[in-house]
Amino acid sequence: MSKHRGFCFTLLLLLVGMVEGCTTMPSGTSTVLPSSAFFPLDASELKPLQAIAHAQDARMKNCHKGPACEDAYYTRALVALFENRADAITVFQELRTAMPNSRYEVATVGWLNLLQDASLSSDHNKALMVQLKQEVLHNLLDRSEVATARPVKDHDRRVAELAR
Numbered sequence: 181m182s183k184h185r186g187f188c189f190t191l192l193l194l195l196v197g198m199v200e201g202c203t204t205m206p207s208g209t210s211t212v213l214p215s216s217a218f219f220p221l222d223a224s225e226l227k228p229l230q231a232i233a234h235a236q237d238a239r240m241k242n243c244h245k246g247p248a249c250e251d252a253y254y255t256r257a258l259v260a261l262f263e264n265r266a267d268a269i270t271v272f273q274e275l276r277t278a279m280p281n282s283r284y285e286v287a288t289v290g291w292l293n294l295l296q297d298a299s300l301s302s303d304h305n306k307a308l309m310v311q312l313k314q315e316v317l318h319n320l321l322d323r324s325e326v327a328t329a330r331p332v333k334d335h336d337r338r339v340a341e342l343a344r
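This is the structure we're talking about:
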């Protein structure tokens, strides 16, 4: 009978430990996969960013150093924040390696620290992350509009010159 009591007591301790373990886990935590986006977006919101990504990929292939190359890498890394966390880290690291004294050095180090920080799950940090996401998205879309407007302005200027 004492073996039966010992077994029941052990089983009871095990069950209590399991229940206690489940209730003491912080709620709302989730594992962030390296392949997941740092800033998740709906597919419809991602489409304009994909166009920016393709343009930056092309610029990165054709540049070596200098401000245009710095812009291409930095912009591509910002877009990667909405696509794949690991890719964003890779592009920011490539920027630091290829152009260690770029004008984006401080921002790049900041992004790398933020991307590798596991303590971003507090409510205060979540609110800041939403604000940061909107700021980065707005900045990227503004850059895209400026880049597409520039050739149109150049074209309009040439047409006006030819019309004189």
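All the letters of the sequence shown, read from the start, carry residue numbers 181 to 344 under the working numbering. Even glycine gets a Cβ: it sits at the ideal position worked out from N, Cα and C.
Under DSSP, the alpha helix (DSSP H) around residue i begins and ends at which residues?
i, result
"residue 249", "247-260"
"residue 221", "Taken as a continuous stretch (DSSP letters only), residue 221 belongs to no alpha helix (DSSP H), as it is neither H nor E."
Verify whether the separation of the beta carbon atoms of residue i and residue j is less than 8 Å.
i, j, result
"residue 282", "residue 275", "yes"
"residue 228", "residue 321", "yes"
"residue 258", "residue 316", "yes"
"residue 264", "residue 298", "no"
"residue 313", "residue 219", "yes"
Below 8 Å on the Cβ atoms is my guess for residue i versus residue j; work out the distance and round it to an integer in Å.
i, j, result
"residue 248", "residue 239", "7 Å"
"residue 251", "residue 260", "Wrong, their Cβ atoms sit about 15 Å apart, outside the cutoff."
"residue 221", "residue 262", "5 Å"
Checklist entry - Along the chain, which unbroken stretches of the beta strand (DSSP E) at least 3 residues long are found entirely within the stretch 265-293? => result none
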